[in-house]
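Notes to accompany the following structure.
In my numbering, the protein residues as written are 460 to 680.
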């Protein structure tokens with residue numbers, strides 16, 4: 460029983476130390492030191508294998524038991540070598556752990572870049588998706604919008620007999636009727652229509668009756 464406990468504790472150390480060391484050095488972006496540490500940990504793990512083997516042999520009373528000790532040592536050495544390879548690979552992949560844009564953003568960190576919503580990927584590359592309203596707040600009540608001279612409705616496209624509007628109602632500004640926004644809002648003209656069929660219908664923005672609105676914007680802050 461003592462032998463089994465000792466072996467298990469030894470293997471836990473062998474499996475955990477190399478990878479933890481590699482990741483620790485990876486945080487410091489030092490490949491050479493990381494690999495050197497892997498070698499040090501491998502030597503320690505082999506010492507554990509040998510010590511476990513000696514402990515095992517000392518409590519054996521027959522050849523069958525000694526044979527088990529030898530097999531356990533063999534497995535221990537193999538595990539040590541496998542862990543060493545994992546550790547070295549983690550060192551080689553240190554660059555993967557680095558952030559994006561000169562480490563301005565960490566791996567997996569989301570950020571806003573103008574009208575884009577971006578995220579720093581594991582390969583140090585940035586993926587961005589255009590936000591429909593340039594990451595601005597377009598929530599506004601109908602009363603506040605209309606009192607300020609805005610048009611409160613969804614974004615609509617299509618001919619007068621088949622107008623299609625977004626579910627979200629917004630405060631529309633500018634356009635042919637020169638709609639205006641509340642004082643604490645700006646008229647955002649660089650927006651993306653939420654209507655997916657915009658490219659399959661008549662071009663241009665419309666009111667609920669299909670009347671052209673001209674070059675409109677969305678009140679945002």
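Glycine residues also receive a C-beta, built at the ideal position from the N, C-alpha and C atoms.
Which same chain residues, not among the five before or five after residue i, have their C-beta less than 8 Å away from its C-beta?
i           : result
residue 593 : 573, 574, 647, 649, 650 and 679
residue 512 : 528, 529, 531, 532 and 535
residue 591 : 650, 651, 652 and 653
Considering only residues of the same chain and omitting the five flanking positions on each side of residue i, which have a CB-CB separation below 7 Å?
i           : result
residue 627 : 613 and 653
residue 611 : 601, 604, 605, 628 and 630
residue 608 : 638 and 639
residue 595 : 647, 679 and 680
residue 519 : 525 and 528
Taking the C-alpha atoms as reference points, what is the distance between residue i and residue j?
i           : j           : result
residue 662 : residue 644 : 27 Å
residue 588 : residue 580 : 13 Å
residue 516 : residue 528 : 6 Å
residue 500 : residue 597 : 56 Å
residue 514 : residue 536 : 16 Å
residue 506 : residue 578 : 44 Å
residue 495 : residue 502 : 11 Å
residue 624 : residue 549 : 52 Å
residue 547 : residue 509 : 23 Å
residue 466 : residue 524 : Because residue 466 sits at a pLDDT of 42, beneath the cut-off of 50, its placement in the model cannot be relied upon, and the following sentence gives the value as read from the coordinates. Those two C-alpha atoms are separated by around 14 Å.
residue 664 : residue 615 : 6 Å
residue 636 : residue 617 : 19 Å
residue 521 : residue 567 : 56 Å
residue 490 : residue 586 : 27 Å
residue 667 : residue 622 : 7 Å
residue 576 : residue 498 : 43 Å
Per the DSSP calculation, residue i is bridged to which residue(s)?
i           : result
residue 547 : Beta-bridge pairing links residue 547 to no other residue.
residue 575 : 572 and 589
residue 647 : 677
residue 671 : 665
Excluding five sequence neighbours on each side, which residues of the same chain lie with their C-beta closer than 6 Å to the C-beta of residue i?
i           : result
residue 551 : none
residue 569 : 578
residue 619 : 669
residue 633 : 646, 675 and 676
residue 571 : 594
residue 641 : 603 and 607
Where in the region 607-645 do unbroken runs of the beta strand (DSSP E), each at least 3 residues long, occur, reported from the N-terminal end onward? Entirely contained in the region 607-645, the beta strand (DSSP E) runs reaching 3 residues are, in chain order, 610-612 and 629-633.
Assess, as a yes-or-no matter, whether the region 532-543 is touched by the region 563-570 under the definition of 3 or more beta carbon pairs within less than 8 Å. no
Could you name each continuous alpha helix (DSSP H) segment of 4 residues or more that falls completely within the region 492-571, going from the start of the chain to the end? 522-551 and 553-556
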